[in-house]
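In the working numbering, the protein residues as written are 17 to 244.
Written below as structure tokens is the structure these notes are about.
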Ligand SMILES: [Zn+2]
């Protein structure tokens with residue numbers, strides 16, 4: 017009886033081992049002690065949504081996933097997003113509120129660019145004026161000025177990512193040459209790997225009057241890569 021049991025166990029063990037070898041069943045699948053690799057990013061985290069990191073068991077190839085929080089863009093990613101060649105077709109809308117001398121004025125500037133056409137509409141208070149720009153030199157000049165003004169205030173090293181508000185905040189004062197002032201009140205919002213919003217607040221003196229202004233720039237429809 018004892019011998020029979022021992023033979024039986026041996027056969028049984030052999031059976032188990034051969035089953036494992038034949039059907040590639042691994043011990044970890046029974047014990048749950050998987051040997052996870054270092055994992056790879058299978059879905060990149062963005063400002064809109066967490067990413068996914070997938071780990072694979074080196075023994076049985078089973079996988080598990082973990083959510084990955086967005087921690088900010090790399091320099092290369094940033095420069096690929098805020099790249100002048102990305103801005104051929106795009107819309108730029110700047111909504112501002114400017115106060116000085118006890119007066120507050122609301123204004124809105126809207127630019128629409130395509131390769132060979134541009135349109136600009138400016139509203140100050142309740143007065144509006146708009147015009148198409150059809151001369152290619154004027155279009156390129158207007159586009160270039162606008163892009164330069166965006167690039168000037170969006171240098172990678174000047175910002176840090178704030179996961180709480182999901183925005184980038186200026187680390188130190190940033191020069192705004194068109195207003196001849198600097199401010200650290202600048203935040204950037206990205207969505208779907210595009211810069212979609214720039215908020216900036218400035219306070220400066222002009223002819224002895226203190227001007228305080230807050231603006232929100234919305235960027236849309238861009239992403240056409242144009243070769244230099
Ligand atoms: Zn495993």
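Note that the Cβ used here is the ideal one computed from N, Cα and C, for glycine as well.
- By the 16-neighbour rule on beta-carbons within 10 angstroms, residue 91 is exposed.
- Between residue 114 and residue 126, the gap from beta carbon to beta carbon reaches 7 Å or more.
- DSSP places residue 104 outside both helix and strand once states are collapsed to three, so it counts as coil.
- Taking non-hydrogen atoms of ligand 1 into account, the C-beta of residue 75 is found less than 6 Å away from one of them.
- Residue 195 and residue 237 have their C-alpha atoms spaced approximately 27 Å apart.
- Judged by beta-carbon spacing, residue 129 lies beyond the 7 Å limit of residue 160, meaning their Cβ atoms are not closer than that value.
- Between residue 83 and residue 66, the gap from beta carbon to beta carbon is short of 7 Å.
- A straight-line Cα-Cα distance of about 9 Å links residue 79 and residue 50.
- If you draw a straight line from the Cα of residue 100 to the Cα of residue 68, it comes to about 31 Å.
- Comparing alpha-carbon positions, the option among 180, 202 and 181 lying closest to residue 188 turns out to be 202.
- Remark: the C-beta of residue 50 is in contact range of ligand 1, defined as less than 6 Å to any heavy atom.
- Between residue 150 and residue 133 a beta carbon distance of about 7 Å is seen, short of the 8 Å cut, so the two are scored as contacting.
- Judged by their CB atoms, residue 53 and residue 72 are nearer to each other than the 7 Å cut-off.
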